[in-house]
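In this text, residue positions in the sequence shown follow the working numbering: the first is 7, and each later residue adds one.
All C-beta atoms in this analysis are idealised placements derived from N, C-alpha and C, irrespective of residue type, glycine included.
These figures come from a predicted structure and were not determined experimentally.
Single-structure report; data block below.
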Amino acid sequence: GRAPVGTGPYMVADWTAGESITLERNENYLGEPAKLKTVVLKIMTEGTSRTINLETGDIDLCRLQTTDIDRVEESSDMYVLGRAQNTLRYICFNTSVEPLNNVNVRKALYHATDTELIRETIYGEKNSEKANGPIPPSFQGKNHDLPVYEYDPAKAKEMLAAEGYENGFEVSFIYLANTTNNMFAEMLQSMWAEVGVTLVLQPTESGTLSTMLNAGEYEVGVASTDMKLCDAGEGLYAFFHSSSRGSSQDRTWLNDADVDAILDKIVTTLDAEERNKLVSEAEAMIHDLCPMIYICHPWPVYGVRSNVRGLKVLPYDMEYYSELYFVNED
């Protein structure tokens with residue numbers, strides 16, 4: 007409800023739908039008490055408006071859109087704060103439907119996709135990093151030797167022709183309808199058109215999108231996921247084991263006996279060194295099956311007033327406010 011009871015450093019004092027949430031310090035908190043008595047979270051969906059309010063001092067910090075990062079960095083009244091996340095942004099193939107059940111078709115489409123151009127244009131150099139493989143680069147067991155599916159439209163056309171698709175084919179692309187994803191979809195549509203593949207755009211609202219993805223009622227989509235448990239083995243199992251089909255984690259509908267076998271072995275292996283070795287092998291196997299196109303690991307970037315300290319950003323896209331405080335700038 008609108009008055010949740012929790013055990014953290016803050017309590018919800020007021021919640022005005024679509025406008026703001028006011029947090030007040032929980033004086034009964036068992037840990038270190040929050041430094042600020044009150045924190046007001048204002049709902050501001052438009053990025054430029056957030057930045058303007060930050061510049062004028064009407065707000066003390068906010069999440070920045072890519073186009074405003076330089077603007078904040080150049081100001082002596084503000085600074086930029088960000089950290090790498092465990093999030094992966096990717097294009098998912100429904101590997102259970104034709105022609106996407108053909109691994110060579112999937113690889114061809116990967117070669118038809120300029121992932122670096124999408125990353126730089128949509129997410130920006132300063133708040134994302136390249137991705138190669140489903141596991142974030144900082145995780146134990148991460149395979150850092152995976153081959154890269156380079157952007158090569160000529161190779162993509164050759165591969166499609168070899169699989170009998172010299173004239174291309176039509177495939178649908180579902181995504182959450184918003185400005186960023188619309189741009190993403192149009193860029194992908196243009197890239198795939200160069201190799202003869204017609205991408206039919208299907209912008210969708212959130213509830214319908216989740217239902218379709220969970221039911222496997224799609225061909226290609228764009229999604230984000232993160233390994234909150236910081237356990238690559240558990241993450242790979244949730245994303246790629248055939249028993250995960252229909253869950254909110256599985257977005258590829260992969261069904262491969264060898265992948266299932268090694269994932270089963272990972273989750274029952276207790277020795278850390280052996281487990282990490284298996285995770286690395288499993289990632290290589292999954293990478294070779296190409297069930298997704300990795301776009302990037304995006305991370306949030308915040309603009310903060312120069313007299314504010316203590317914002318703590320977690321690696322799974324959450325913030326802690328209990329250590330926030332103001333400093334005098336005399």
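Span of the beta strand (DSSP E), counted from its first residue to its last, around residue i
i, result
"residue 259", "No beta strand (DSSP E) contains residue 259, which DSSP labels as neither H nor E."
"residue 227", "226–232"
"residue 301", "298–304"
"residue 172", "From DSSP, residue 172 is part of no beta strand (DSSP E); its letter is neither H nor E."
"residue 318", "318–320"
"residue 9", "Careful: residue 9 lies outside any beta strand (DSSP E) and carries neither H nor E."
"residue 309", "307–311"
"residue 66", "Where residue 66 is concerned, there is no enclosing beta strand (DSSP E), given that its DSSP letter is neither H nor E."
"residue 25", "Residue 25 -> no beta strand (DSSP E), and no H or E assigned at all."
"residue 327", "Note, residue 327: premise wrong, no beta strand (DSSP E); not H, not E."
Residues of its chain near residue i, where Cβ-Cβ distance is below 6 Å and the 5 sequence neighbours each way are ignored
i, result
"residue 129", "302 and 304"
"residue 316", "329, 330 and 331"
"residue 282", "146 and 147"
"residue 163", "201"
"residue 114", "162, 165 and 166"
"residue 71", "53"
"residue 95", "230, 301, 302 and 304"
Residue i burial status per 10 Å Cβ neighbour count (16 or more: buried)
i, result
"residue 165", "buried"
"residue 199", "exposed"
"residue 29", "buried"
"residue 270", "exposed"
"residue 101", "buried"
"residue 250", "buried"
"residue 136", "exposed"
"residue 239", "buried"
"residue 34", "exposed"
"residue 73", "exposed"
"residue 322", "exposed"
"residue 36", "exposed"
"residue 229", "buried"
"residue 15", "buried"
"residue 10", "exposed"
"residue 256", "buried"
Through-space distance from residue j to residue i, alpha-carbon basis
i, j, result
"residue 224", "residue 206", "12 Å"
"residue 80", "residue 123", "25 Å"
"residue 45", "residue 327", "8 Å"
"residue 89", "residue 298", "25 Å"
"residue 48", "residue 104", "46 Å"
"residue 366", "residue 286", "Given a span of 7 to 336 for the chain in the structure shown, any question on residue 366 remains unanswerable."
"residue 24", "residue 209", "24 Å"
"residue 152", "residue 138", "7 Å"
"residue 78", "residue 67", "11 Å"
"residue 32", "residue 86", "29 Å"
"residue 237", "residue 274", "13 Å"
"residue 312", "residue 76", "15 Å"
"residue 246", "residue 227", "16 Å"
"residue 149", "residue 284", "10 Å"
"residue 220", "residue 300", "20 Å"
"residue 106", "residue 258", "10 Å"
"residue 231", "residue 93", "5 Å"
"residue 118", "residue 278", "38 Å"
"residue 40", "residue 157", "49 Å"
"residue 116", "residue 159", "9 Å"
"residue 260", "residue 222", "11 Å"
"residue 112", "residue 62", "49 Å"
"residue 19", "residue 52", "25 Å"
"residue 59", "residue 169", "54 Å"
"residue 21", "residue 8", "6 Å"
"residue 178", "residue 194", "12 Å"
"residue 69", "residue 265", "38 Å"
"residue 55", "residue 120", "31 Å"
"residue 82", "residue 26", "28 Å"
First and last residue of the uninterrupted alpha helix (DSSP H) at residue i
i, result
"residue 61", "53–62"
"residue 159", "159–168"
"residue 78", "75–79"
"residue 337", "Outside the shown range of the chain (7 to 336) lies residue 337, about which nothing can therefore be said."
"residue 286", "278–295"
Neighbourhood of residue i by C-beta distance below 7 Å, restricted to the same chain and skipping five residues each side
i, result
"residue 262", "295"
"residue 186", "128"
"residue 131", "none"
"residue 154", "138"
"residue 109", "295 and 296"
"residue 189", "128"
"residue 290", "149 and 152"
"residue 175", "105 and 203"
Sequence-distant residues of its chain with Cβ nearer than 8 Å to residue i (five each side left out)
i, result
"residue 216", "254"
"residue 272", "239, 242, 243, 281, 284, 285 and 288"
"residue 211", "182 and 183"
"residue 84", "60, 61, 78, 309, 310, 311 and 312"
"residue 43", "30 and 31"
Closer than 6 Å: residue i CB and nearest the ligand FMN heavy atom
i, result
"residue 200", "As presented, the structure is devoid of all ligands, the ligand FMN included, so that no description of it is given."
As an exercise, report each continuous alpha helix (DSSP H) stretch of at least 4 residues that is fully enclosed by the segment 185–253, in chain order. 185–199, 212–221 and 238–246
With a floor of 3 residues, list each beta strand (DSSP E) that falls wholly inside the segment 82–160, ordered by position along the chain. 84–88 and 93–99
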